[in-house]
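Structure first, then comments.
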Amino acid sequence: MQTHLADFIRDTPEGREAEEILRKCVHCGFCTATCPTYQLLGDELDGPRGRIYLIKQVLEGERATEKTRLHLDRCLTCRSCETTCPSGVQYGRLADIGRHIVEQQVPRTGADKLKRAALREFVPNTGLFGSALGLGRMFKPLLPRVIAEKVPAAEAAGPWPAPRHVRRMIALAGCVQPSMRPVINAATARVLDRLGISLVEAKSAGCCGAVRYHLHDQAGGRDEARRNIDAWWPAIESGQVEAIVVTASGCGVQVKEYGYLLRHDPAYAARAEKVAAMSRDVAEVLAAEMKTLTSLLESSRTQGKAGRLAFHAPCSLQHGLKVRGVVESLLSAAGFELVPVRDSHLCCGSAGTYSLLQPKLASELRDGKVSALQEYGADCIVSANVGCIEHLATAVSLPIRHWIELIDEKVTPIV
């Protein structure tokens, strides 16, 4: 694709990156076939190719409009188009550049501005979010249905084994997961403990930065990345830990991009690259320990029938992290039967804060995904991202859990 970038962007790092990405696009349109919003709306401008044209126009000097912003807002940033693209167009990075400029040219006002500001300040604050969730659970019968359905019941995390192994890894606690699904990281700690690895958390770490970064506070998102790096660095530098374990694949994509996000920061660039390289989705960690895990699983096969599962592969896992088929292999090794899932490459509509900012589209995508997950008689639905789990839970009739919980139940002795 030929480009003629405007003076305001041409010789900047963002301009050079955007031009390189744009030049890779050959207009083939393969991306539209796998774009969830294009499938729903049928509008070229609500597909990757159309959005690329909109961003290109803005970068070439055409003034953005509210219509431009609307079409970019509707994008889930699921990156399904990147998986499909034969030319390797990094659409997600181009979208970040384009959205940032459009936000500057077409500032938000009124309720839209307030909602996004509230989400930026509320969601990444673990303490504030946890307190609000506790109040929500207390007064759930009094809440409007649309809010009440997003308040999950409290659950017990179970024991977290004390550090006792030479091998250690750090877990990202995250922002909403500790309050909404504390069992996920605790289950991961129990499984890794059985594999001879101690899992610990750094108390001063927090949100991965994705919420702020994707709500037009890119500086704030980078600051949260720096805070996490500072929290983890002493253990990394001293060689005490061998990996950063992330159990929410949405957060995993963000941590994997720390090196990219802080590449121009001389104080953090090298450390950010190191952290990104050490980041592992929990599925990758278990796959690397498959021999030991298989032995544990074989000794637990007498615990009864495993059941039929429908696995929802989050976009962040399959398109962002490009971890495909790994969770399925782990669950199969544990004796579970995985049922087919129609259109498994399509997004469920969660996409971080998307389900709150674009509720109509998010609900349509969720309902289609729920139908596909329940189509072949599964007993339970499992996923790999807390946002997807909570979004689907508002409409699904089956139990829905993080897949690591099932592995935990298989390998952790019942006391």
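The working numbering numbers the first residue of the sequence shown as 10 and each following residue consecutively.
Every residue, glycine too, gets a C-beta built ideally from N, C-alpha and C.
Keep in mind it's a predicted model, so treat the numbers as computed, not measured.
Could you check how far apart the C-beta atoms of residue i and residue j are, in whole angstroms? I think they sit under 8 Å.
i	j	result
T250	M189	It should be pointed out that residue 250 corresponds to Val in this sequence rather than to Thr. The pair is not a contact, with the Cβ atoms about 26 Å apart (cut-off 8 Å).
E233	P133	7 Å
P191	E164	7 Å
G358	H400	6 Å
L81	L103	The Cβ separation is near 11 Å, so there is no contact.
V264	C217	6 Å
E346	L374	Contact doesn't hold; Cβ gap of about 26 Å is too wide.
E112	Y100	Not a contact, Cβ separation roughly 18 Å.
G24	V67	Contact doesn't hold; Cβ gap of about 12 Å is too wide.
V83	Q367	Sequence inspection shows Arg at residue 83; the Val mentioned does not correspond to that position. Correct: roughly 6 Å between the Cβ atoms.
Between which two residues does the beta strand (DSSP E) harbouring residue i extend?
i	result
H411	409-411
M287	Counting along the chain, M287 falls outside any beta strand (DSSP E), though it belongs to the alpha helix (DSSP H) covering 278-287.
When burial is assigned at 16 or more other CB atoms within 10 Å of the CB, is residue i buried or exposed?
i	result
T21	exposed
V405	buried
G38	exposed
V336	buried
T118	exposed
T362	buried
H273	exposed
Q11	exposed
S213	exposed
T311	The pLDDT assigned to T311 is 47, lower than 50, so where the model puts this residue is not dependable, and the model offers no usable value.
F17	exposed
D121	exposed
P422	exposed
L105	A small fix is needed here, since residue 105 is Asp in this sequence, not Leu. By the 10 Å Cβ count, D105 comes out buried.
I413	buried
D417	buried
D202	buried
K65	buried
H109	exposed
Y385	exposed
A371	buried
P243	exposed
D290	buried
I253	buried
I206	buried
So residue i is in the alpha helix (DSSP H); what residue range does that whole segment cover?
i	result
F148	Neither: F148 is in no alpha helix (DSSP H) and is coded neither H nor E.
Q367	Taken as a continuous stretch (DSSP letters only), Q367 belongs to no alpha helix (DSSP H), as it is neither H nor E.
R154	154-157
S188	186-189
S308	299-308
E337	335-342
L270	267-270
What does DSSP give as the partner residues of residue i in its beta bridges?
i	result
F131	F131 is not bridged to any residue.
V254	A180, R289
F320	V391
L347	L318
Just to confirm, does residue i get its C-beta within under 6 Å of one of the non-hydrogen atoms of the ligand GDP?
i	result
R25	By its list of ligands, the structure shown contains no ligand whatsoever, and the ligand GDP lies outside what it can speak to.
- Item | Uninterrupted alpha helix (DSSP H) stretches inside the stretch 196-228 (no shorter than 4 residues) | 219-222
- Query: Which full runs of the alpha helix (DSSP H) of 4+ residues lie inside the stretch 88-135, going along the chain?
  - Reply: 89-93, 100-114, 119-131
- Message: Please give the ranges of any alpha helix (DSSP H) in the stretch 10-94, keeping only runs that are unbroken, at least 4 residues long and fully inside the region.
- Response: 16-19, 22-33, 45-50, 57-68, 75-82, 89-93
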